[in-house]
Amino acid sequence: MVEEMASIEQNKTWSLVDRPAGHRPIGLKWVFKLKRDEHGNVVKHKARLVAKGYVQRQGIDYEEVFAPVARMESVRVLLAVAAQRGWAVHHMDVKSAFLNGELAEEVYVVQPPGFIAAGHEDKVLRLHKALYGLRQAPRAWNAKLDMSLKKLGFAKSECEPGLYTRGKLQSRLVVGIYVDDLIITGESTGEIDEFKQEMKSLFRMSDLGGLTYYLGIEPKPKLKKVGTAPKVDATEYRSMIGSLRYLMNTRPDLAFSVGYLSRFMEDPRQEHKDAVKHLLRYVAGTVDYGLVYSRNTVMPGLVGYSDSDMAGDDNDRKSTSGYIFFLDGNPVAWRHEHCSSSSCAKPNPPLLKMDNQSAIALAKNPVHHDRSKHIDTKFHFIRECMNSGAVHLMYTGTEEQLADILTKALAKPKFEGFREQIGVIKLH
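Structural data, given as structure tokens:
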């Protein structure tokens, strides 16, 4: 809190004045936060003074609030261009960025809790620059940053307001802006270093070095079978995988991760073992989760879900397939493997849900053409099962394809949603 107040005072954010007639000062509160790195380790304890902007009135306390930010598509394009051209990518952020935004409106706030000036308890603070929480704070900061970059010779992209460029050819510098985060890239590391010094002369900056973690995105390659990382004890690695495979008997949510990590048992490396440890941390955090079989169901009979990631393995270009079957809504069989939907046919006619309309059409119609003649005869087995009534196929959208949890890594919200739908829930 003391550091935050020192930063505010150094920035000349406000001045202590008598309470003006006709103005209602805005309240302030302290917000505390732990800042973590990509591994979840605490790197900083932050205290931020925030204005209670929800009491502001448009036309009195503020006018415009819109502030553009770079789209995630633009961030990915920037990273793709840098990767293709072999450019270094650096990361900086502005300390207390919103405190730099200059206000056009007349705004007053109360004195912050714990820092009320002795003998001046009835006075208020006239804001000259923005505070976090003010509705116009993002717009004020964006206007300040835009003006500063243009003074440094940058031009803003006409189609992406969060992208700025300066120079040409070898001296070209590209900067992506997301609120107070800056991605900096270009062919010349000298140009990058020069720009960093320019920004440090204008704002209080944190130089985060080479980009590794940005807006929750961690640039990390997929695991490879042949790698340069140090070897680890293969027996220990296989033992851990074996234990996890045993746990899969009651935890279908582990099927994809365990199956994926099983591919590296022949020559396990440190990166593979680190991934296993990451999975073990998930298991430790969900040790009270398990399958629950219920009597009430909205999914009567035998219903299966089948999915394939279509050549998603970077090592051998094989597809990862998976299926899960429910009997009266309760999961009874699941598998993660390199197979096709033909493995999902059963003696009794179940309903098999897939999200590949082309595969369903091919299974229903015995048509051979240039794009399907390469398909092996055994993969037409599912068509024979359909014709004989051994299985029924039905299309299901990707958002409802529960077998996705067996074939690919999912975003956390989708994974947790599918985990609950396949019956793995907290037991107590």
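One point on numbering: in the UniProt record's numbering, the residue at position 62 of the sequence shown is 62, and numbering is uninterrupted.
Every residue, glycine too, gets a C-beta built ideally from N, C-alpha and C.
What would DSSP say about residue i, mapped onto helix, strand or coil?
i: Glu73; result: helix
i: Ile425; result: strand
i: Asp370; result: Here Asp370 scores only 45 on pLDDT, less than 50, and its place in the model should not be relied on; the value that follows carries that caveat. DSSP places Asp370 in coil when its eight states are reduced to three.
i: Thr13; result: coil
i: His278; result: helix
i: Cys339; result: Here the model assigns Cys339 a pLDDT of 49, short of 50, so the residue's position is not dependable and the matter cannot be decided.
i: Tyr305; result: strand
i: Leu173; result: strand
i: Ser206; result: strand
i: Asp376; result: At Asp376, the pLDDT of 49 sits below 50, so the modelled position is not reliable; the number obtained from the coordinates is stated separately. Coil at Asp376, not helix or strand.
i: Arg85; result: helix
i: Pro347; result: For Pro347, the predicted model reports a pLDDT of 45, less than 50, meaning its position is unreliable and no value from the coordinates is stated.
i: Leu244; result: helix
i: Tyr293; result: coil
i: Pro331; result: strand
i: Gln111; result: coil
i: Val42; result: strand
i: Ala117; result: coil
i: Cys159; result: coil
i: Gln56; result: coil
In terms of DSSP beta bridges, what is residue i paired with?
i: Asn249; result: Asn249 is not bridged to any residue.
i: Glu102; result: Lys129
i: Phe32; result: Ala47
i: Ile405; result: Answer by DSSP bridge pairing: none, since Ile405 is not bridged.
i: residue 430; result: Summary: the structure shown does not reach residue 430, with the chain confined to residues 1 through 428, and so no result is reported for it.
i: Arg269; result: Lys231
Please report the residue range of the beta strand (DSSP E) in which residue i lies.
i: Ile26; result: No beta strand (DSSP E) holds Ile26; DSSP gives it neither H nor E.
i: Val124; result: Val124 to Lys129
i: Met147; result: First-last for Met147: Ala137 to Lys151, but that is the alpha helix (DSSP H), not the beta strand (DSSP E).
i: Phe325; result: Ser321 to Leu327
i: Leu163; result: Leu163 to Arg166
Hey, could you find the ends of the alpha helix (DSSP H) residue i is sitting in?
i: Ser257; result: Ala255 to Leu261
i: Met92; result: Where Met92 is concerned, there is no enclosing alpha helix (DSSP H), although the beta strand (DSSP E) it sits in stretches over Ala88 to Val94.
Is residue i near the ligand HEM, going by C-beta to nearest heavy atom under 7 Å?
i: Pro138; result: As presented, the structure is devoid of all ligands, the ligand HEM included, so that no description of it is given.
- Message: Measuring CB atoms only, is the segment 268-284 touching the segment 243-259, in the sense that at least three cross pairs come out at less than 8 Å?
- Response: yes
- Message: With three or more beta-carbon pairs closer than 8 Å as the criterion, would you say the segment 40-54 touches the segment 145-158?
- Response: no
- Message: Counting beta carbon pairs with one atom in the segment 133-140 and one in the segment 16-24, are three or more of them shorter than 8 Å?
- Response: no
- Query: If we count Cβ pairs, one from each stretch, closer than 8 Å, do we get three or more for the segment 122-133 versus the segment 155-171?
  - Reply: no
- Message: Does the contact criterion of 3 or more C-beta pairs under 8 Å hold for the segment 83-102 versus the segment 170-183?
- Response: yes
- Does the pairing of the segment 259-266 with the segment 395-403 give three or more beta-carbon distances under 8 Å? no
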